[in-house]
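Residue numbers (this note's numbering): 8 to 585. Note that CB positions come from ideal geometry on N, CA and C, so glycine has one too. A short write-up of the structure that comes next.
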């Protein structure tokens, strides 16, 4: 299905008409170049919804930022908006444009070219190895020359020995030795190339591409392109004040992204999770000057080297860059926090949001939803006659599991990585009340991912597939599905409340009398919580538990869980906010 996006943008409501649309939230998964599918989803959904909240990780954060800026622009009806989002899609349709956004440092360029050549669309694993070997030897001429000298010596020896051995045996031995020399030369070239690149990565925060324009390149780099397009979507020029998280919220659009603080080995949800971090302006060289100036102007005064991040006044471009730092491909970003009193602020290195949550389907979730939150998942195509875009029609149908056939060592390693990285997001998206609002876009080998050099036909296919996904959501998640969805969420919520409040009753019966007496020996978190407050809290809690006691425990008349409740059963717990 090829979506006519010009038709989409021409008819999508703007201004007051856009603000009058029913709201929805949208969460987009990371996937490097797979993110080209997302504009089509947004352009299609914009017919029917306004976007109240948009979020994502990694490449999903790029799409989220552009989409939030476009929603800001169309609601204000001040130029930009969805048409500018379509213009961003037009950029991606240009031959070689996507690859040009990723500009490696001089030290990393040889290995970058080897890898992008090996991951060219359509190449199968055996050919990828051959292509990588050829390019590695081209970038390591000394190693290739040594291999050529060895081959020349072999030819001389073969000619000299040809009379002493039977011809078939001499040919087989010569072929084996030639193969060994070629493989050894290729491995040596690749090893030397990787060694030199890894040594240099420490100087570029462990990424081949900083995301900014390199001195020897004329193409627009990733950060500059994103800045221009975000500003254009918001109805602004590149030299105007950069769009911030706060400005989006003031217009009723909430933007949330995930990044990873490697130094603390934990996810950080932006913008709120960045409170307490500082930055050095020098670390953001190559960013548009207006963005760095806005970061400094919006922050409270710091010392000579550090400035505190300006909270929600942070330009959203900075949030995108913190979320999009795919390990080794894109450089990590340093920020700083206060250390021990009198000590220097330690450096915290921020890397890709997808490391800790690549599909943050939990974004914008509530105990009971006011409006739908759609998730766009990216998955491997199962092949055959399977749909390119899939979404559950039946709320009772189980989720399609992320199954992988582990028959080779690369598959074994890939599944270990997938389980470590995505298990929480995967289980969350399979729960009742989540799986029915997830639309899965399936990508074949050579589509998306690390394939920076995808040909134009492949890029156009993925762009169109995004539009198909948006149309699938509109046709599937109708008013009837929304009623089903809220019914499932009601049962899930109330069953958990019934069970958990019942479990609280007995232990609170032991604690309640102490609470009623004011807990005189407890001295933490007591600001404003005096003995009178404790007595009132005891009475209110006892009344709540007494009311909950009328619900259960099962089996009573009001059996909320039952034998035919939503499965798999969730678990309501207190967990860190991320």
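A direct Cα-to-Cα measurement between residue 29 and residue 112 gives close to 46 Å. Within a 10 Å sphere around the beta-carbon of residue 110 sit 16 or more other beta-carbons, which makes this residue buried.
According to the DSSP assignment, residue 214 belongs to the beta strand (DSSP E) that extends over 214-216. In the DSSP assignment, residue 483 falls within the unbroken alpha helix (DSSP H) covering 463-483. For residue 39 against residue 455, the beta-carbon gap comes to about 7 Å, under 8 Å, which counts as contact. In this structure residue 37 is in contact with residue 67, their Cβ atoms being roughly 5 Å apart against a cut-off of 8 Å. Between residue 332 and residue 358 the beta-carbon gap is near 5 Å, inside 8 Å, which marks them as a contact. Under the Cβ criterion (8 Å, minimum of three pairs), the segment 470-482 does not count as touching the segment 412-422. Under the three-state reduction of DSSP output, residue 234 falls in the helix class. Partner residues in the beta bridge of residue 343, as assigned by DSSP, are 285 and 354.
CA-to-CA, the gap between residue 576 and residue 499 works out to about 8 Å.
Under the DSSP assignment, residue 384 falls in the beta strand (DSSP E) whose first and last residues are 380-387.
Annotated three-state conformation of residue 277 is strand, per DSSP. Rounded to the nearest whole angstrom, the C-alpha separation of residue 96 and residue 104 is 11 Å. In terms of CA proximity to residue 444, 384 leads the group 384, 195 and 515. The three-state secondary structure of residue 156, taken from DSSP, is helix. Residue 39 is bridged by DSSP to 456.
Residue 482 is classed as exposed because its beta carbon has fewer than 16 other beta carbons within 10 Å across all chains shown.
About 18 Å separates the beta carbons of residue 286 and residue 337, which is beyond the 8 Å limit, so they are not a contact pair.
Rounded to the nearest whole angstrom, the C-alpha separation of residue 25 and residue 100 is 28 Å. With fewer than 16 other CB atoms across the displayed protein chains lying within 10 angstroms of its CB, residue 156 is exposed.
Spatial neighbours of residue 120 in its own chain (CB-CB distance under 7 Å, excluding positions within 5 residues in sequence) are listed in chain order as 142. In the three-state reduction of the DSSP assignment, residue 30 falls in the strand class. With 16 or more other Cβ atoms from the protein chains shown falling within 10 Å of its own Cβ, residue 371 counts as buried.
Residue range 416-437 is occupied by the alpha helix (DSSP H) that includes residue 420.
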